[in-house]
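Respectively, the protein sequence lines represent chains V and S.
For the first sequence, our numbering assigns the number 12 to the initial residue and increments by one for each residue that follows.
For the second sequence, our numbering assigns the number 33 to the initial residue and increments by one for each residue that follows.
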Amino acid sequence: RKEVEQDPGPFNVPEGATVAFNCTYSNSASQSFFWYRQDCRKEPKLLMSVYSSGNEDGRFTAQLNRASQYISLLIRDSKLSDSATYLCVVIGAGSYQLTFGKGTKLSVIP
Amino acid sequence: NAGVTQTPKFQVLKTGQSMTLQCAQDMNHNSMYWYRQDPGMGLRLIYYSASEGTTDKGEVPNGYNVSRLNKREFSLRLESAAPSQTSVYFCASSAVRTDDGYTFGSGTRLTVV
Numbered sequence: 012r013k014e015v016e017q018d019p020g021p022f023n024v025p026e027g028a029t030v031a032f033n034c035t036y037s038n039s040a041s042q043s044f045f046w047y048r049q050d051c052r053k054e055p056k057l058l059m060s061v062y063s064s065g066n067e068d069g070r071f072t073a074q075l076n077r078a079s080q081y082i083s084l085l086i087r088d089s090k091l092s093d094s095a096t097y098l099c100v101v102i103g104a105g106s107y108q109l110t111f112g113k114g115t116k117l118s119v120i121p
Numbered sequence: 033n034a035g036v037t038q039t040p041k042f043q044v045l046k047t048g049q050s051m052t053l054q055c056a057q058d059m060n061h062n063s064m065y066w067y068r069q070d071p072g073m074g075l076r077l078i079y080y081s082a083s084e085g086t087t088d089k090g091e092v093p094n095g096y097n098v099s100r101l102n103k104r105e106f107s108l109r110l111e112s113a114a115p116s117q118t119s120v121y122f123c124a125s126s127a128v129r130t131d132d133g134y135t136f137g138s139g140t141r142l143t144v145v
């Protein structure tokens, strides 16, 4: 089983739609979780950290389910500018190395 | 602007040539990393440096060497480039506390022919 797994997509959604991505991780001792965004031919950039209680940043909501070992990202009212690849990232216990999923590609269509 | 600076941005090498990718950060971060990104493979850790004076292998270290020159700079060297090393290379840095994640450089696109 891969350490961090994501549906590669692509997810093609119309503007204004709500879209959700899931990510599963294999190491139950993982401690820190993030969503990164990567635009085409650019570097990954931190979108948001994921906390156990769930957290929200504007149109973006991240949730963590430790029992099932998955992380989710919900994007409401999608904008054209949300088109990118979203990377699920995990840090293992006692480590500071990020393990990346392969990413989910989102295309928001006018 | 504060951040991670990588040079060069693009490079073409012939098989067997050597080169060094440079990375510098001005955020006073302790830890620095080198990743490569290939289509369908995601980002894979090559080497990292938890703090000045230390370096360790990551997931795919073969064919690479690194130097943590000082707290700011972390270089990646290809001693004898191979076509399999054609990739996009990203340098990143992080503070001791990683809740803020990593900051990445803009990448180096390397082609080995």
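We put the beta carbon where it would ideally sit given N, CA and C, even for glycine.
Computed from a predicted model, the values in this text were never measured in an experiment.
If you look at Ala124(S), you'll find it in the beta strand (DSSP E) that goes 119-126. Taking one beta carbon from each stretch, the region 40-54 of chain V and the region 80-100 of chain V have 3 or more pairs nearer than 8 Å; the two touch. Per the Cβ contact rule, the region 64-77 of chain S is in contact with the region 113-124 of chain S (3 or more Cβ pairs under 8 Å).
In terms of beta-carbon proximity, Gly133(S) lines the interface with chain V, with at least one pair separated by less than 7 Å. Straight through space, the alpha carbons of Ala78(V) and Gln43(S) are spaced by roughly 45 Å. Remark: C-beta atoms of Tyr79(S) and Thr87(S) approach each other more closely than 7 Å. The residues Val144, in chain order, have a CB closer than 6 Å to that of Pro115(S) in the same chain once the five nearest residues on each side in sequence are set aside. Contact annotation: Phe45(V) and Ser63(V) have beta-carbon atoms that are not nearer than 7 Å. Each residue's CA atom was taken as its position, placing Leu91(V) and Val119(V) some 5 Å apart. For Thr115(V), the pairing in a beta bridge is given by DSSP as Tyr97(V). It is roughly 16 Å from the alpha-carbon of His61(S) to the alpha-carbon of Gln54(S).
Looking at the DSSP output, Thr39(S) bridges to Gln54(S). Residue-level contact check: Glu67(V) does not touch chain S, since none of the beta carbons of chain S fall below 7 Å from its beta carbon.
Contact annotation: Val101(V) and Thr110(V) have beta-carbon atoms nearer than 7 Å. Pro121(V) is classed as exposed because its beta carbon has fewer than 16 other beta carbons within 10 Å across all chains shown. The C-beta distance from Ala34(S) to Asp58(S) rounds to 5 Å, short enough to fall under 8 Å. Short of 7 Å from the beta carbon of Gly139(S), and not among the five residues preceding or following it, lie these beta carbons of its own chain, in chain order: Gln38, Val120, Tyr121, Phe122. Annotation: Thr35(V) to Gln117(S) spans about 29 Å, alpha carbon to alpha carbon.
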